[in-house]
Amino acid sequence: MLDALRRFDPRRPVWVRDGIGQSGELALAPSLRDVLQHSDSVWLEVPLAVRAQAWLERLRSMGTDIDVLLQTVAESVVPPATTALSNWRALAANGQLHDALVLIIKGYLQPNLGASQWTGRQRVVQLATLSSDAVELEVDRLLAAGAASV
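Residues in the sequence shown are numbered consecutively from 303, following our numbering.
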């Protein structure tokens, strides 16, 4: 798998995203799993309000009402607590769509994942925006810093 990913640009390291446990599982070969667990971990994080605004803009551009999103979440394999869902619906009904999305992201889409499986170095990098340019710039900066420390 790593060799296949490296074909895109063999000079750059392969980045692997640690997904949310509720989204399913991928069984990795033990040797790959062990290497990943001991590798460096970087979490690229964008402010919650910025992510909620992006969700809101995306829903509007698709012509999707937030009630459709809430119904889909309610019917998911691992639905949120009934009280949380009621709170989100009340906020949406009062026109507080951004606030509802902040709580949906924080409490359901990206809950506190608890202890990381990584045992290598871990760090969080704060990004101001969701733009691909911002992510690319930060990744290039991290790679340059890593190359300089070798």
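Backbone N, C-alpha and C fix where the C-beta goes; we use that ideal spot for every residue, glycine too.
According to DSSP, what are the bridge partners of S343? Secondary-structure assignment with DSSP links S343 through a beta bridge to Q424.
Between which two residues does the alpha helix (DSSP H) holding T431 run? Careful: T431 lies outside any alpha helix (DSSP H) and carries neither H nor E.
Buried or exposed: A331, going by 16 or more other Cβ atoms within 10 Å of its Cβ? A residue is called buried once 16 or more other Cβ atoms fall within 10 Å of its Cβ, and A331, having fewer, is exposed.
Top-ranked residue by Cα proximity to R362, from H400, L445, L350 and W390: Closest in alpha carbon position to R362, among H400, L445, L350 and W390, is H400.
Buried or exposed, going by whether 16 or more other CB atoms sit within 10 Å of the CB of P382? Around the CB of P382, 16 or more other CB atoms lie within 10 Å, so the residue is classed as buried.
Proximity winner among A436, D442, Q428 and N389, relative to W345 (alpha-carbon distances): If we check each option's Cα against that of W345, Q428 comes out closest.
Does the distance from the CB of A394 to the CB of L387 come in under 8 Å? Going by beta carbons, A394 and L387 fall outside the 8 Å limit.
Rounding to the nearest angstrom, what Cα-Cα distance links M364 and S378 in this structure? In this structure, the CA atom of M364 is about 21 Å from the CA atom of S378.
Short check: CB of G422 to CB of S343, under 8 Å? Taking 8 Å as the cut-off, the Cβ atoms of G422 and S343 count as close.
Where do the N-terminal and C-terminal ends of the alpha helix (DSSP H) with L371 fall, by residue? Per DSSP, L371 belongs to the alpha helix (DSSP H) from I368 to A376.
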